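Protein chains: 2
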Amino acid sequence: MSNEARVDSRNMADHLHSVAIHLLRKLRREDESSGLNAPRLSALSVIVFGGPITLGNLAAVEQVRPPTMTRIVNALEEQGLVVKKKNAEDGRSTRLSATTAGKKLLMEGRNRRVRSLARQIDALSNTEQSILREASRILATVVRAI
Amino acid sequence: MSNEARVDSRNMADHLHSVAIHLLRKLRREDESSGLNAPRLSALSVIVFGGPITLGNLAAVEQVRPPTMTRIVNALEEQGLVVKKKNAEDGRSTRLSATTAGKKLLMEGRNRRVRSLARQIDALSNTEQSILREASRILATVVRAI
DNA sequence: GATATATCGTTAGCTGGGCTAACGATATGG
DNA sequence: CCATATCGTTAGCCCAGCTAACGATATATC
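As given, the protein sequences belong to chains C and U, one line each in that order.
Under our numbering, the first residue of the first sequence is numbered 21, with each subsequent residue one higher.
Under our numbering, the first residue of the second sequence is numbered 21, with each subsequent residue one higher.
Written out as structure tokens, the structure is:
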């Protein structure tokens with residue numbers, strides 16, 4: 021590989037990193053009324069679409085340590101969005117699943133949070149939207165591989 | 021606009037949001053040895069390339085409130101990476117600039133942090149790299165507009 | 001079957017980033 | 001000269017990360 025290519029990939033990585041930081045900072049501001057911030061929303065999403073799931077597995081999926089996930093799940097539980105059930109086959113682990121309220125709030129909260137971003141995407145040309153769509157797919161595999 | 025397009029942009033926004041969360045979580049792990057985490061690295065970067073700059077302006081650029089930036093800058097100052105100077109023309113404001121050590125650490129820390137991401141980008145095809153390059157440019161303007 | 005070991009989740013305690021409210025210091029305008 | 005505005009800091013709060021240590025349960029070994 022040429023040295024230029026390496027410099028370029030470093031710049032791209034740098035730029036993507038910066039964009040990710042600022043994107044999340046912006047979106048965080050949309051949270052005020054939702055009662056669901058990013059980590060909780062993301063965890064709830066996994067529970068809704070991938071549940072029932074154990075706390076340890078959820079922590080692994082979300083790339084955090086179990087104590088971190090304990091607190092996130094406790095908050096979701098106190099809000100009545102998630103229920104913990106003992107696993108009958110293994111008393112050490114729990115089975116997390118979403119309540120009806122949890123599923124409902126996921127959709128609403130997620131909508132609220134990404135609404136402003138979606139609005140900006142709507143304003144892009146079709147070509148630009150295609151590029152973004154492809155890029156987000158590529159990025160997902162890239163991130164998974166890190 | 022068709023309803024399908026709106027649904028699609030919401031899904032894209034959703035997906036980008038999720039990717040951004042997981043990207044930053046991954047990259048945060050690369051920080052251990054660097055001594056510079058994301059907010060400090062980002063702030064230092066602005067000071068290095070955009071300094072001298074006032075604390076308030078830096079906070080605005082970084083999209084955080086002044087008290088938040090005060091703490092970040094204090095940490096950078098304690099590490100000898102940044103210096104505060106009184107503005108001679110306006111005694112209320114300060115002029116932040118990077119020390120030589122700050123400039124050096126920025127390059128090294130930034131490299132370390134995005135190295136694993138750059139490595140994955142290197143492994144992509146030329147086409148995929150082009151898509152990512154375009155997408156990061158588009159995203160930057162999108163984020164700025166939110 | 002008893003005992004050692006491994007695994008799951010929680011608790012405790014730390015660091016650090018975000019915020020608002022309130023304040024001192026300095027500029028500026030009436 | 002005094003009222004008002006602006007800049008940055010301090011204080012105090014919430015929440016997300018982490019490690020270390022622990023109780024409870026499973027499992028393996030003797």
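Even glycine gets a Cβ: it sits at the ideal position worked out from N, Cα and C.
Everything numeric in this text was worked out from a predicted model, so none of it was measured.
Any Cβ of chain C closer than 8 Å to the Cβ of Glu97(U) would place that residue at the interface, and such an atom is absent.
Thr120(C) carries a helical assignment under DSSP once its states are collapsed to helix, strand and coil.
The beta carbons of Ile67(C) and Leu56(C) sit about 12 Å from each other, so the pair does not count as a contact at 8 Å. Counting C-beta pairs closer than 8 Å gives three or more between the stretch 101-118 of chain C and the stretch 67-76 of chain C, which meets the contact rule. In this chain, Val66(C) is not harboured by any beta strand (DSSP E); it is covered by the alpha helix (DSSP H) spanning 58-70.
Close to chain C, meaning a Cβ-Cβ distance shorter than 9 Å, are the following residues of the stretch 121-139 of chain U: Arg130, Asn131, Arg133, Val134, Arg135, Ser136, Leu137, Ala138, Arg139. If you ignore the 5 residues before and after Met89(U), its C-beta comes within less than 6 Å of the C-beta of Leu75, Leu78, Ala79, all in its own chain and listed in chain order.
In this model, Gln149(U) and Gly111(C) are separated by some 48 Å (Cα to Cα). For Ile151(C), the C-beta contacts it makes with chain U under 7 Å involve Ile151, Glu154, Ala155, Ile158, in order along the chain. Annotation: Cβ neighbours of Ala33(C) in chain U (cutoff 7 Å, chain order): Val134, Leu137, Ala138, Ile141. The Cβ atoms of Ile41(U) and Ser29(C) lie no closer than 8 Å to each other. Neighbours of Leu43(U) in chain C, taken as residues whose beta carbon is under 9 Å from its own, are Leu36, His37, Ala40, Leu159, Val162, Val163, Ile166 in chain order. Close partners of Lys46(C) in chain U (Cβ separation under 8 Å): Gln83, Val163, Ile166. Going by beta carbons, Val39(U) and Val163(C) fall inside the 8 Å limit. Listed by position along chain C, the residues whose Cβ is nearer than 7 Å to that of Leu78(U) form an empty set, because the closest Cβ is around 14 Å away. Note that the C-beta distance between Arg60(C) and Asp34(U) is not below 8 Å. Contact note: Arg115(C) does not reach chain U at a C-beta cutoff of 8 Å; the least C-beta distance is about 23 Å. Looking at His37(C), Glu154(C), Val102(C), Ser65(C), the one whose alpha-carbon comes closest to that of Ala121(C) is Val102(C). Secondary structure note for Val81(U): its alpha helix (DSSP H) is the uninterrupted segment 75-81. Rounded to whole angstroms, the gap between the alpha carbons of Ser113(U) and Lys105(U) is 9 Å. Ile166(C) and Ile158(C) have their C-alpha atoms some 13 Å from each other.
Note that the C-beta distance between Met32(C) and Leu64(U) is not below 8 Å. As the crow flies, the alpha-carbon of Lys123(U) is around 19 Å from that of Val81(U). Annotation: Ala143(C) to Ala160(U) spans about 14 Å, alpha carbon to alpha carbon.
Listed as beta-bridge partners of Arg153(U) by DSSP are no residues whatsoever. Straight through space, the alpha carbons of Glu97(C) and Val134(C) are spaced by roughly 24 Å. Counting only the Cα atoms, His37(U) lies some 11 Å from Arg45(C).
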